[in-house]
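Enquirer:
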Amino acid sequence: MDNSEEEMEEDEAEWNNSFVDSVPYSTAASDLSLNKTSGPTPAHRVILHFDLDCFYAQVEMIRNPALREVPLGIQQKYIIVTCNYVARDQGVTKLMSVTDAKEKCPQLVLVKGEDLTHYREMSYQLTELLMSYCPLVERLGFDENFMDVTKMVERRLAETTESDNVSFKGHVYNHLSADVKASDHPRLALGSHVAAELRDAIHSKLGLTGCAGVATNKLLAKLVAGSFKPNQQTTLLPENVGDIMGRLSGLRKVPGVGHQTAKRLQALGLVSVKDLQLFPLNDLVKEFGGPSAQRLKNLALGVDDSPVTPTGAPQSLSDEDSFKKMSSTKEVLEKIQELLSSLLERMHKDGRQPQTFRLTIRRYSATNKWFSRESRQCPIPNHVGQKITSDSGDDAVVQLVSLAMKLFHKMVDRSAAFHLTLINVCFSNLQTRGAAVSGKGSITSFFAHSSSPRKTQIVSPQSQDASSQSGTTDHQLSAHSVITQPAPPQTTGTTESPCSSGAELYGFKRKQRPVVAVKNPPLQKESCSTARSDPKISVTHRLPPNVDPEVFRLLPEEIQKELLSPAYMNFLPGLSTSSPAVVNVPNVTKHKSPQSFSDSQNIKDIKEAVEKLDPSGRPTTVNQRPEGTSAFLGENVTEEGRPSFSRSSDCDFPGNVDPQVFSELLPDVQRELMSGWKQQKPVLKTPSSRKPGRSLMSKDRKAAGKGSQANNLFKYFKPS
DNA sequence: CTGGGACCCT
DNA sequence: AGGGTCC
């Protein structure tokens, strides 16, 4: 239905637009004429693509400089996902199996890379760094960034006098860069300067090396970036577009053409890029439909008018693990709990409140249907969502595990054998706090922590709080003024260094509070009583109302005990009274397993609380009366001497900004927030206002209200 | 013995 | 919900 060709009307502009870049290689002169009122996409853009060298390996080498000297492989499960150049010299390649790699290079040193925390943090630091020069930064994975520096270049161009002798920095594709006259391509030449400066900044501030590509669109910038591999940059001139596309060894090399698409093309007899270039569009349309056909053809031609869309904060957070075999419900439950625990921690730091939860599995199938994943998702009950966001998520994990198991059983028959090879948990539909109920959306996530977000920012006087998404910005960075900033905290890696894992600190900082502090008296009527068919756990009838008995039964015994500990039970109306000392778990033992995630945060908190019991088994006062208790009495004071939240105060502030918290902020921070609120358009997050017309890899991310997105982003930038 | 994420389109 | 793409 929506396929109906003619929707004409408003698409007109976009249609025309998509031709701007399509005019094969229009000369600069003719392009200028389009400038008049023309749309968002300048006739000729200057696009940069940054691609870090063996990213994970670099991060590990920064964390442990000794690794620089040895062949290093980053291992996830049985795969070397990437390796340093020492290892590459010895024949190790990306995505090589550990077995093969060890064979090629017996001395290969392996570092596990399944926990992405450090990579993620460094990745966002990089994006932040780039954004401080120009807000138009789009991430592609953890180690690549596109950047539209057109405005910046135009500005420089205006300042450049004819007599200035601009030359290209780095390589120029298919040329000896000394030979090419920069004056023939002044913008690209200046772009190469910007790229060089940014690579330099990346190196000096983050200690990372990488490649850059300079071209007129994303596709070409990305392709050309790889021309000279480690730590170099290359510019592509329009006259060489045909060359670079034509030289690609196969269609698969075209970004945007994946395995499946390549196969379908091959079925049409197309194997080389040129094949596709020459293939009649009409025939292509028959196979792929209009938009896709045009897109593919354009890609083959090196034409790509897709804008650099600022990425902003992620739209979902997920965590997953794969394994050879999982076939019991108990294992599944434990794995889900493990995944959820760490995911919740991340979600909590993010500050936004997820509205949707999704569970994904991959089943083993002999007929190696490769991997098809199946998933089920559901809305997250509001009270659960709030627990994630507001202080300790505590039993949020319990309820989410319960939710997850329900979803699980929608896919996997309770009474049938199964064989899973992967489980993934995902939070999506992330809403800024306060939006949940009011549907309005606000900035409150900014409160989660921080207060010194800007620290790692570089730059000139009036930095750049990304407040100008319009792309019209540029002001910062008069030429080189920028990089002079007295080098900041972080180590550049030549030292044995601290590896500045502000990250870990970051995570734990706020975790001090006793377990159930905020838990609001669960008033839910749910069937807490529902008959107990399983006598296995005698205490079942005393379970918290929000704990699914069936799930509970499957929990590891010590976790069960923990859940029944006084700290928890005290908050269960009508349940707590009886013998307090109950289960008391004297020696829950420190960690029985050397630190699986499985007992992460909340559970850990419980353990800590339990461990505070003195040997006699008698609860200490600390344990006995978690500060949260006072909330029930209306007291409201925490150990920090700071009033605790009392939701309901929506007065002068957007969403659920707590006036108390607000009042404690530094004055300038307050001012900043206030001004941000004032500017708050109704804009925000229309979950789906997709424009049909756009052709290529359109992302169309809403550049959400000014400060909002930027604020959210801060969390992903190194706490430093 | 093919990782862990995140995105988009249908 | 599933499939595809990128890294």
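Read in order, the letters of the first sequence correspond to residues 1 to 720 in the numbering used here.
Glycine residues also receive a C-beta, built at the ideal position from the N, C-alpha and C atoms.
Pick out whichever of Asp304, Thr389 and Val397 has its Cα sitting closest to the Cα of glutamate 334.
Expert: Ranking the options by Cα distance to glutamate 334, first place goes to Val397.
Enquirer: Please look up how many angstroms separate the CB atoms of valine 180 and valine 149, rounded, as I've assumed it's under 8 Å.
Expert: That belief does not hold up - the Cβ atoms of valine 180 and valine 149 are roughly 19 Å apart, past 8 Å.
Enquirer: Helix, strand or coil for histidine 348? Go by DSSP, reduced to three states.
Expert: Histidine 348: helix per DSSP, three-state reduction.
Enquirer: Return yes when the Cβ of leucine 236 is within less than 8 Å of the Cβ of alanine 215, no when it is not.
Expert: Result yes, Cβ atoms of alanine 215 and leucine 236 sit closer than 8 Å.
Enquirer: Per the contact definition of three or more C-beta pairs closer than 8 Å, is the region 375-387 in contact with the region 341-359?
Expert: With a cut-off of 8 Å, the region 375-387 and the region 341-359 count as touching, because enough Cβ pairs lie within range.
Enquirer: Using DSSP with H/G/I as helix, E/B as strand and the rest coil, what is threonine 360?
Expert: In this structure, threonine 360 counts as strand in the three-state DSSP scheme.
Enquirer: Can you find at least 3 beta carbon pairs, one from the region 307-315 and one from the region 400-410, that sit closer than 8 Å?
Expert: Contact fails: fewer than three Cβ-Cβ distances are below 8 Å.
Enquirer: On the premise that valine 111 lies in contact with proline 71, defined as a C-beta separation below 8 Å, what is that separation, rounded to the nearest angstrom?
Expert: Rounded, the Cβ-Cβ distance is 12 Å, inconsistent with contact.
Enquirer: When the Cβ atoms of the region 57-70 are set against those of the region 238-247, are three or more pairs found closer than 8 Å?
Expert: At 8 Å Cβ cutoff, the stretches do not touch.
Enquirer: Pick helix, strand or coil for alanine 189, following the three-state DSSP scheme.
Expert: Reduced to three states, the DSSP call for alanine 189 is helix.
Enquirer: Work out the CA separation of glycine 113 and alanine 87 for me, nearest whole Å.
Expert: When rounded, the distance between both Cα atoms is 16 Å.
Enquirer: In three-state DSSP terms, what is phenylalanine 427?
Expert: Correct three-state label for phenylalanine 427: strand.
Enquirer: Whether or not the region 218-227 and the region 48-58 are in contact is what I'm after, with contact meaning three or more pairs of Cβ atoms, one per stretch, closer than 8 Å; do they touch?
Expert: Touching, yes.
Enquirer: From which residue to which residue does the beta strand (DSSP E) around valine 109 run?
Expert: That run of the beta strand (DSSP E) goes 109-112.
Enquirer: Going by beta carbon distance, what residues of the same chain come within less than 7 Å of histidine 203, once the five residues before and after it are set aside?
Expert: Taken in chain order, the residues that qualify are Thr209.
Enquirer: Could you spell out where the alpha helix (DSSP H) holding arginine 264 opens and where it closes?
Expert: Run containing arginine 264: 259-267, per the alpha helix (DSSP H) assignment.
Enquirer: Looking at serine 342 and leucine 359, is the spacing between their C-beta atoms short of 8 Å?
Expert: No, the Cβ-Cβ distance between leucine 359 and serine 342 is not below 8 Å.
Enquirer: So for proline 379, helix, strand or coil by DSSP?
Expert: In the structure shown, proline 379 sits in a strand (DSSP, three-state: E or B).
Enquirer: Using three-state DSSP, classify glycine 242 as helix, strand or coil.
Expert: Note: glycine 242 maps to helix in three-state DSSP.
Enquirer: In its own chain, which residues sit with a C-beta less than 8 Å from the C-beta of glutamine 233, not counting the 5 before and 5 after it?
Expert: For glutamine 233, where only same-chain residues beyond five positions count, the Cβ hits under 8 Å are Lys169, Gly170, His171, Ser192, Ala195, Ala196, Arg199, Cys211, Ala212, Gly213, Val214 and Ala225.
Enquirer: Determine the DSSP secondary structure at glycine 290, reduced to helix, strand or coil.
Expert: Three-state result, glycine 290: helix.
Enquirer: Classify proline 65 as helix, strand or coil using the three-state DSSP reduction.
Expert: Correct three-state label for proline 65: helix.
Enquirer: Out of curiosity, what's the CA-to-CA distance linking glutamine 266 and glutamate 121?
Expert: Rounded to the nearest angstrom, the two C-alpha atoms are 40 Å apart.
Enquirer: Excluding five sequence neighbours on each side, which residues of the same chain lie with their C-beta closer than 8 Å to the C-beta of leucine 95?
Expert: Hits under 8 Å: Ile79, Ile80 and Val81.
Enquirer: At what residues does the beta strand (DSSP E) containing phenylalanine 146 begin and finish?
Expert: Start and end: 144-148.
Enquirer: Do you know offhand how far serine 123's Cα is from leucine 270's?
Expert: Distance between the alpha carbons of serine 123 and leucine 270: 37 Å.
Enquirer: Any chance the region 420-432 sits against the region 314-321, with 3 or more Cβ pairs inside 8 Å?
Expert: Contact between the region 420-432 and the region 314-321 is present, because at least three Cβ pairs lie under 8 Å.
Enquirer: List the endpoints of the continuous beta strand (DSSP E) containing histidine 118.
Expert: That residue, histidine 118, is in no beta strand (DSSP E); its alpha helix (DSSP H) goes 117-131.
Enquirer: Just to confirm, are glutamine 277 and alanine 300 a CB contact at a threshold of 8 Å?
Expert: In this structure, alanine 300 lies closer than 8 Å to glutamine 277 by Cβ.
Enquirer: Buried or exposed: where does aspartate 164 fall if 16 or more other Cβ atoms within 10 Å of its Cβ makes it buried?
Expert: Counting Cβ neighbours within 10 Å, aspartate 164 comes out exposed, since fewer than 16 surround it.
Enquirer: Does the Cβ-Cβ distance between glycine 73 and alanine 43 come in under 8 Å?
Expert: No, Cβ-Cβ distance for glycine 73 and alanine 43 is not below 8 Å.
Enquirer: Just to confirm, is the Cβ distance from leucine 206 to leucine 140 under 8 Å?
Expert: Not closer than 8 Å, so no.
Enquirer: Can you give the beta carbon distance from alanine 417 to serine 327, rounded, assuming they're within the 8 Å contact cut?
Expert: Rounded, the Cβ-Cβ distance is 7 Å, consistent with contact.
Enquirer: Please report the straight-line C-alpha distance between histidine 348 and histidine 118, rounded to a whole angstrom.
Expert: Using only the alpha carbons, I get a separation of about 17 Å.
Enquirer: Cutting at 8 Å between CB atoms, please list the residues of its own chain near lysine 325, excluding the five before and the five after it.
Expert: Around lysine 325: Tyr364, His419, Leu420 and Thr421.
Enquirer: Can you check which of these residues, Gln76, Val412 and Ala57, is closest to leucine 67 by C-alpha distance?
Expert: The shortest C-alpha separation from leucine 67 is found at Ala57.
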